[in-house]
Structures are given as C-alpha cells and as structure tokens.
C-alpha cells in the first residue's frame, strides 16, 4: 500500500507508558528534522488519554524546535498510562486529520506498540502510524543488535549507582544493601548492570525462578551469599559488604501466603520488593547467625533497602549513544514520510523504527504483536554462554558445595561471635549458631 503525505504538512508525536531517558532527545531531533523538511510537529500531551473529541483538539500544540534540545532529560510531553477504546481512537483520528496530520509517531514500549497497532487499524488508511520503542529493560523484540531508546542511558547510570554503593559500603563494612532495578521479567537491565559493574553480589530477575517461589527460599539464598562474603571463600579474603540487584518483577512471582496472624497476603508490589527482602534478610541473619548482634568495637551487620535506583536517574542527560540513536530515528522517520512510505527505497538497515500495520522490511507487525493482543518480548537467553558465565560468578547454592567440607566449616564459623581480640571477624569467631550440617541443610533446601 502506498500512502503519500499529499497536502498534509503536520506530524503528531505522543509518548505512551512510563518515563525513561532519551525520549526528549528523540522529540527534539524529530522537531529539527521536521522543520528542515518543511513539516509542522504537533505534540499530543498525556499520550492516548487525549484521544477523544473533547480533549484532543484543544490539547494538541505545535512544538517549537528552539525550545527543545537533544540533551534534555524527561519526555518533553506530559505522560500518563492509559488504554483508549476504539471509539476514542477513531474520534482522535478525525481530530488529527482536521489539523492536517498525516503521520502519528508513538513513542513507547511493548504495550504502546499494541496500542499503536490498534490506532493504525482505526485510522483505516487516513493516517500512517510509526512506533518508536523506548524501554528501561530493552524488552521490545527488536532486530538483533538493536536497542530501545533509553536502555543504554539507564544502564549507564544504574551501573554508576551500583559502583557508588559498593565503594560506600567497602569504606563502611558490615553493610549490605538491596537495590531495585526496573524491568518486569526480561532481565536485560538487571543482568547487564551486574555484568558491567562486576561489583554486585547477586542479581535476581523473574526468569531465574519459577512463579510462586517461596520468600523463604530467596532469603536462604541471600543469607548464604552474606555468609559467603564473610567467609571470603574463593574471592581473596573476607568482604563483609555488598549490593544485591533485584528486578522489580520479582514482586510478581514471590509466593503470597496469608499472614500467621490471619491477615491477608502481603502486597509485595506496593510495599516494595527490596524492602520485603531487606527486612526478611535481617530476620534471617538474626535467626541463623550472630552477625546482627552488637559486637565488641561497635560492629553490627546491617541490611539496607536502597529502593528503586532507576527513579533517581531519570532526570539525567542521555548518554551519547542514545542521543545518536534519537537523531538516526528522527531522520529515518522524516525520510520515510517524504518518500511516501516506500520502505524498499530506504537503505537504513540499522534503524529500530517500526511502521505499524504493514511489513517493515525490518520487522513485521505479525512478528511483534501476538494474536491475544500482547506483544512479543525479548528475554535474556538463559541457555546462552553469557548468562551461564554470569551465574557461575554468583555465590548461588549448588549441590556440589555439599561435598566441600572446608567451605561448609568456613560458612559455619562466620555465624558465630568474634572474640574480643578479633572484633572485626578477623580470624577467631566462636560459638557459631549454625553447624556445618545446618549450613548443608540450607543449601539443600535452596
């Protein structure tokens, strides 16, 4: 199907879903390219929530390229999560056509791609729709080697936060922390941050576990990792500090059981998964070790909840690679629009831009949007060598450890109380709370 812009000289852009770094960069780049090509760029605030007759017309505004910059943080347009009805989409299409719009650019993740596909169907050839992927977790099923806008920036700044926390706790040992990383279940941001920094003790994301994993099992794994750090087994000496990375999606797969008091099952999502794990790990250490007891010299092991690290980095400047990607995508969108939508004439193999509703040459809609209305997700390859190497580096319980009596004895020793002569758990803890057989039992139940 060919669809030349004809006399329509306006392009509309909206941001759907949550906030991430790099969105403002793309909108700024698109505004520059649109002005150079002689098109107006209109901004639709509040995303798909504006798609009805009463709201859309007065809300759409012309974006001034002079007021935008590719190094800006944020999204440049107000955003809100909203799923429109088909009736609202059809009403929005009519309002946009009256404003001279021939192309709508939707910036968003997997859910936004599905909404963009619905918009294209409701437009019935009156509008062309493009979807530009932006995600924290790089989970949109893009071509091999391509990344969503924002992923590299968020990964860079999350890695900086991990390194900063590591150095802070190295200066003040006997402190451990749990840091929440965004991304539901694909695991790219969590695992990439773990790999790039080489500072984290463990990285948890949902696909490492089966749905309904007991909270106690996770606490056993975390507790053993703390003992491993104290024992210094295989890592060149005792390192009584560390950072654990936890994907926000872990809150969805932890088994929910009614409280012992008869109350309802806890809501790990709203309470905060790292808060739950930090409090649980503190209780685990108190039950199984003497590490949380106040020791001679004022030493006491503490566990901290650092919360959602991504929330602290969203106001940062995009990294150069995301700024470059934003410019490439903007130029690609304008070239496509000027060509009348003939993708075959465009030699832009590395572009990660989608046209919704037709075969792209890069990705087909059928390969992205599922029959049930969902969207295909790109996950961490659990069979890949990179993942296996990452897991080998983590102090995870393994059955072969049960045969290592020296390891079991060293893990047992650090559960005790140090003598007054060795207040910092140097060489002589006494009165261990766990015997080697107890440590082995915990490893077995993990």
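In my numbering, the protein residues as written are 933 to 1378.
For each residue, glycine too, the CB sits at the ideal point set by N, CA and C.
- For the set 1237, 1117, 978, 949, the Cα lying nearest the Cα of residue 1041 is the one of 949.
- Secondary structure note for residue 1346: it is in no beta strand (DSSP E), with a DSSP letter that is neither H nor E.
- One thing to note: residue 1116 has its Cβ within 7 Å of the Cβ of residue 1181.
- Across the set 1048, 1055, 1047, the C-alpha of 1055 shows the shortest separation from the C-alpha of residue 1027.
- In the DSSP annotation of this structure, the continuous segment of the alpha helix (DSSP H) that includes residue 1155 starts and ends at 1147-1163.
- Residue 1032 has its alpha-carbon roughly 11 Å from the corresponding atom of residue 1058.
- In its chain, beyond the 5 residues on either side, 1134 have a beta carbon closer than 6 Å to the beta carbon of residue 1326.
- The alpha carbon of residue 1081 has as its nearest neighbour, out of 1365, 1270, 961, the alpha carbon of 961.
- Where residue 1002 is concerned, there is no enclosing alpha helix (DSSP H), because DSSP gives it neither an H nor an E.
- Between residue 1330 and the set 992, 1344, 1371, the nearest pair of CA atoms involves 1371.
- Under the rule that a run must span 4 or more residues, the alpha helix (DSSP H) segments found entirely inside the stretch 967-1049 read 985-991, 1018-1030.
- Residue 963 and residue 1009 do not touch by the CB rule: their CB atoms are close to 12 Å apart, not below 8 Å.
- CA-to-CA, the gap between residue 1063 and residue 1047 works out to about 10 Å.
- With respect to residue 1038, residue 1052 sits apart: the two C-beta atoms are not nearer than 7 Å.
- One Cα belongs to residue 1106, the other to residue 1208, and the distance between them is close to 20 Å.
- Judged by beta-carbon spacing, residue 1307 lies beyond the 7 Å limit of residue 1114, meaning their Cβ atoms are not closer than that value.
- Following the DSSP letters along the chain, one finds residue 1311 in no alpha helix (DSSP H), marked with neither H nor E.
- Within the same chain, Cβ atoms closer than 6 Å to the Cβ of residue 1341 are found at 1368, the five residues on either side in sequence being excluded.
- Closest option to residue 1130, judged by alpha-carbon separation, among 1201, 1090, 1257: 1090.
- In this structure residue 953 touches residue 1086 by the C-beta definition: roughly 6 Å separates them, less than 8 Å.
- Judged by their CB atoms, residue 983 and residue 1024 are nearer to each other than the 7 Å cut-off.
- Between residue 1175 and residue 1109, the CB-CB gap stays under 7 Å.
- Excluding five sequence positions before and after residue 1149, the CB atoms of its chain that fall closer than 8 Å to its own CB belong to 1377, 1378, given in chain order.
- From the listed residues 981, 1094, 955, 1152, the smallest Cα separation to residue 1240 is found for 1094.
- In the DSSP assignment, residue 1094 is bridged to no other residue.
- Per the DSSP secondary-structure output, residue 1173 pairs in a beta bridge with 1107.
- Annotation for residue 1153: 1134, 1328, 1329, 1378 place their beta carbon closer than 8 Å to its own, counting only its chain and skipping 5 residues before and after.
- In the structure shown, residue 1178 adopts extended strand secondary structure according to DSSP, grouped into three states.
- For residue 1074, there is no enclosing alpha helix (DSSP H), as DSSP gives it neither H nor E.
- With a beta-carbon spacing of about 5 Å, residue 1159 and residue 1343 fall inside the 8 Å limit used to define contacts.
- Nearest to residue 1248 by alpha-carbon distance, out of 1320, 1236, 1003, 980, is 1003.
- Comparing alpha-carbon positions, the option among 955, 1161, 997, 1184 lying closest to residue 967 turns out to be 997.
- For residue 1263, the uninterrupted alpha helix (DSSP H) run begins and ends at 1252-1270, by DSSP.
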